[in-house]
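Here's the structure, in structure tokens; my notes come after.
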Amino acid sequence: MSSILKNLSDNERQSQIPNAKDMRFGIVVSEWNDEVTEALKKGTMSTLVKHGALAENILISYVPGSFELTLGAQLQLETGHVDAVICLGCIIQGETRHFEFICQAVAQGITQLSLKFNKPVIFGVLTPDTLQQALERAGGKHGNKGDEAAATAIKMLALQQKIKN
């Protein structure tokens, strides 16, 4: 959880993130608010590679908006070529209730996919009040939520492997 007191990229448990060399990742990126989502993707990629993920084991797909993240993730999962999917989006609060509907649908959809496919599907979606708040969480003063999403994917895959073994 980000706040003024916490930088998302300062993970005090960085040394506890397992090696991702043998893990395969999907990243689904919303094109809406692309200034933010491209920065999230950069943070995600950086953290995955930093922890051993191979570039050839990372599949990146783009979807028009955050609402479409769930179908994009499902399409990646159906290929069988990914062990986890990281969904990256940015839904900025506006003047209407549209924000609430999209946020709720995406959160529920991501959860349902994770359970349906028994694979980690990570919620790397920012839900700020303003574009400035989004930028602060996509490589700004609050770090990069993409870093956190990548670390979460690695940790959840490692947990899944540990429990299976």
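Just so we're aligned, residue 49 is where the sequence shown starts under this note's numbering, counting upward by one. We treat Cβ as the ideally placed atom computed from N, Cα and C, and that holds for glycine.
- Note on geometry: alpha-carbon atoms of residue 112 and residue 212 lie some 36 Å from one another.
- Taking all protein chains shown into account, residue 95 has 16 or more neighbouring C-beta atoms within 10 Å of its C-beta and is therefore buried.
- If you compare the alpha carbons of 89, 149 and 68 with that of residue 191, the shortest gap goes to 89.
- Residue 199 places its beta carbon 8 Å or farther from that of residue 193.
- Cβ contact annotation for residue 130 (same chain, cutoff 8 Å, sequence separation greater than five): 72, 73, 74, 107, 124 and 167, in chain order.
- C-alpha of residue 120 to C-alpha of residue 85: approximately 15 Å in a straight line.
- C-alpha of residue 196 to C-alpha of residue 143: approximately 29 Å in a straight line.
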